[in-house]
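Here's the structure, in structure tokens; my notes come after.
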Amino acid sequence: MPETNAVIPLHQSTEPQFDEPRRFKVFTARQLDKIEPLKRLDDETRFAMEVVANVLPFRVNEYVIDELINWDKVPNDPIYQLTFPQKGMLAPEHFDKVADAMRGGDKAEIKAAIAEVREALNPHPAGQMEHNMPEVDGEKIDGVQHKYNETVLFFPSQGQVCHSYCTFCFRWAQFIGDNDLKIATKEAGQLKKYIQAHPEITDVLITGGDPLVMKTKNLRAHIEPLLELEQIRTIRIGSKALTFWPQRVVSDDDAQDLLDLFQEVQASGKHLALMAHYNHWQELETDIAREAVRRVRATGAVIRAQGPLLAHINDNADDWARLWQTQVELGIIPYYMFVERDTGARRYFEVPLAKAWEIYRDAMKQVSGIARTARGPSMSSHPGKVEIQGVTEINGEKVFALRFIQGRNHDWVQRPFFAKYNEEATWLNHLEPAFGEEKFFFEDELAEMENE
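The sequence shown maps to residues 1 to 452 in full-length UniProt numbering.
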């Protein structure tokens, strides 16, 4: 019989067992006592978890608990740290305030303590609410952000939840039930109208939360109108479903419909990029996670991987090198290493910028050029995405070499600038200009933008 180069149809799995649906079961702060593996922890640890879960959002599903966490390595297991609240995620004074209120049992006092602590955690960093939300006829458009010329962010209301929550999440305020802090829209027509009024927009990033928690028919209703816009070249979907619920593209009842939608986007002439959030190579070790990657790539969509550098989870070069190498082997493009943002549980996860650059550099040295596509370490700061390019000495002064990957003014993009070396700095606002300069080159213009 002659050999053939037959292509396996997208809907036909090479691993039939993956097509058996798995029930999605999720636990929130109210069900902490129902999570069986937590019963092996001591009472003090479980109470601390409850305290933090009352301030920062908590949600984890059974797949993460059963398949991703190595409970023999708890509390040091990286996925446990990624999904379960830890006492150190709150400052001692904040933790004690909420813990004391909970011990007292007065509901009004507990609610007030939680609200006070949340407000102190910088719920919307980098001017998300004040400067990123566009206006039409003097009114802000809910659920849309437009910070960089080419790219607009869209937050569909049905996608403002995740299959599990990350403990470091910089959008934690989306998930605590406070509508004043939430970015979301139910009206897709506003987005299309706004895009048509701004010809510079070529990319739409559908984000959340996680848009892939939505039923495909709802996601389709948001995507199909974008296919009619000639100016749109790329549609991006920000998601952690490939990690936290790979069944979404494998065995959920509308998984095939979702893959068909991905193919339709490609067939329309648009580029579809799945911006997958990965924090540790352990997330890619299950068979179904790899099958999910295979199925998405078979649609023609490109998977780009991004994630922040986090103490307690991935703050070493070996883990990043293994993550990038694994991604390349699976056909995923490493895209970004971010610096942990100045919000939420920042104090627990932040890594000094000098150490972040060392980790990035040491990880890059361990992989070949094809895995060196990840940019970073990058700070998604108020003026723009600022990359740490290195530490060097110029005219006897030790400095950080920095550049804008993106900027509120596109003329800032790729401009290098320098900051005094600061071993303890963890964010852009901790840095001072080098060489005796009073201000960074962008500061005056940024101030003018803020006053407009």
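Every residue gets a Cβ at the ideal spot worked out from N, C-alpha and C, and that includes glycine. Remember, it's a predicted structure, so these values are computed and weren't measured experimentally.
Alpha-carbon to alpha-carbon, residue j and residue i
i                 : j                 : result
glycine 307       : lysine 193        : 32 Å
lysine 420        : glutamate 340     : 20 Å
methionine 102    : lysine 385        : 40 Å
aspartate 318     : isoleucine 79     : 16 Å
glutamine 256     : proline 156       : 22 Å
arginine 40       : threonine 326     : 33 Å
arginine 220      : isoleucine 388    : 38 Å
proline 9         : glycine 376       : With a pLDDT of 44 at proline 9, under the threshold of 50, the modelled position of that residue is not reliable, and the figure given next carries that caveat. Distance between the alpha carbons of proline 9 and glycine 376 is about 38 Å.
tyrosine 336      : alanine 374       : 5 Å
lysine 439        : glutamate 445     : 11 Å
phenylalanine 441 : glutamine 414     : 13 Å
lysine 97         : alanine 48        : 12 Å
glutamate 437     : phenylalanine 417 : 11 Å
leucine 68        : threonine 392     : 40 Å
valine 117        : glycine 344       : 10 Å
valine 293        : glutamate 109     : 47 Å
histidine 410     : asparagine 149    : 7 Å
lysine 398        : tryptophan 357    : 15 Å
serine 268        : glutamate 139     : 33 Å
phenylalanine 262 : histidine 430     : 42 Å
glutamate 448     : proline 21        : 54 Å
alanine 401       : glycine 390       : 5 Å
glutamate 224     : alanine 112       : 44 Å
alanine 361       : aspartate 66      : This sequence places arginine at residue 361; alanine is not what is there. Taking the straight line joining both Cα atoms gives about 34 Å.
aspartate 254     : asparagine 218    : 11 Å
proline 211       : glutamate 291     : 20 Å
isoleucine 114    : aspartate 33      : 21 Å
residue 475       : glutamine 247     : Nothing about residue 475 can be read from this structure; the chain reaches only from 1 to 452.
glutamate 450     : alanine 425       : 25 Å
glycine 277       : glutamate 44      : Note that residue 277 is histidine in the sequence shown here, rather than glycine. Taking the straight line from one Cα to the other gives about 32 Å.
isoleucine 183    : methionine 133    : Reliability fails at isoleucine 183, whose pLDDT of 45 lies under 50, so the model's placement of it is uncertain and no value is given.
asparagine 395    : phenylalanine 435 : 9 Å
glutamate 452     : lysine 107        : 42 Å
proline 199       : leucine 38        : 52 Å
alanine 99        : arginine 46       : 12 Å
histidine 222     : aspartate 72      : 43 Å
glutamate 283     : lysine 270        : 29 Å
lysine 365        : alanine 354       : 17 Å
glutamate 443     : leucine 309       : 27 Å
Integer-rounded CB distance, given that residue j should sit under 8 Å from residue i
i              : j              : result
glycine 91     : arginine 347   : Checking the displayed sequence, the identity of residue 91 turns out to be alanine instead of glycine. Yes, alanine 91 and arginine 347 are in contact; Cβ-Cβ is about 6 Å, under 8 Å.
methionine 275 : arginine 304   : 6 Å
arginine 59    : cysteine 169   : No, arginine 59 and cysteine 169 are not in contact; Cβ-Cβ is about 11 Å, not under 8 Å.
proline 352    : glutamate 423  : 6 Å
isoleucine 232 : isoleucine 206 : Incorrect: roughly 12 Å between the Cβ atoms, too far for contact.
tryptophan 320 : alanine 363    : 4 Å
valine 328     : alanine 371    : 5 Å
proline 383    : arginine 408   : 6 Å
methionine 89  : threonine 167  : 6 Å
tryptophan 324 : valine 367     : 5 Å
Whether residue i touches residue j by CB criterion (8 Å)
i                 : j                 : result
phenylalanine 235 : leucine 272       : Reading the sequence as shown, one finds isoleucine at residue 235 and not phenylalanine. Result yes, Cβ atoms of isoleucine 235 and leucine 272 sit closer than 8 Å.
proline 75        : tyrosine 165      : no
isoleucine 359    : aspartate 287     : no
serine 239        : phenylalanine 18  : no
leucine 242       : alanine 197       : no
residue 460       : serine 378        : This structure does not reach residue 460, given that the chain is present from 1 up to 452, and the question cannot be answered.
isoleucine 201    : valine 152        : yes
alanine 311       : phenylalanine 349 : yes
leucine 259       : threonine 299     : yes
isoleucine 35     : phenylalanine 27  : yes
valine 265        : glutamine 190     : no
glycine 159       : glycine 105       : no
phenylalanine 154 : valine 204        : yes
isoleucine 195    : leucine 229       : yes
glutamine 81      : isoleucine 313    : yes
tryptophan 281    : asparagine 61     : no
asparagine 122    : aspartate 342     : yes
histidine 94      : alanine 120       : yes
Neighbour flag for residue i against chain C, beta carbons, 8 Å
i             : result
glutamate 116 : The structure shown contains no chain C; it is built from a single protein chain.
For the segment 49–59 against the segment 68–88, do three or more pairs of beta-carbon atoms, one drawn from each stretch, fall closer than 8 Å, so that the two count as touching?
yes
List, from N- to C-terminal side, the alpha helix (DSSP H) runs of 4 residues or more that fit wholly inside the segment 93–129.
107–119
Fully enclosed by the segment 45–84, which beta strand (DSSP E) runs are 3 residues long or longer?
59–61
Fully enclosed by the segment 379–452, which beta strand (DSSP E) runs are 3 residues long or longer?
384–394, 397–407, 416–420
Just list the alpha helix (DSSP H) runs in the segment 282–336, keeping only unbroken ones of 4 residues or longer that don't cross its boundaries, in chain order.
287–298, 317–330
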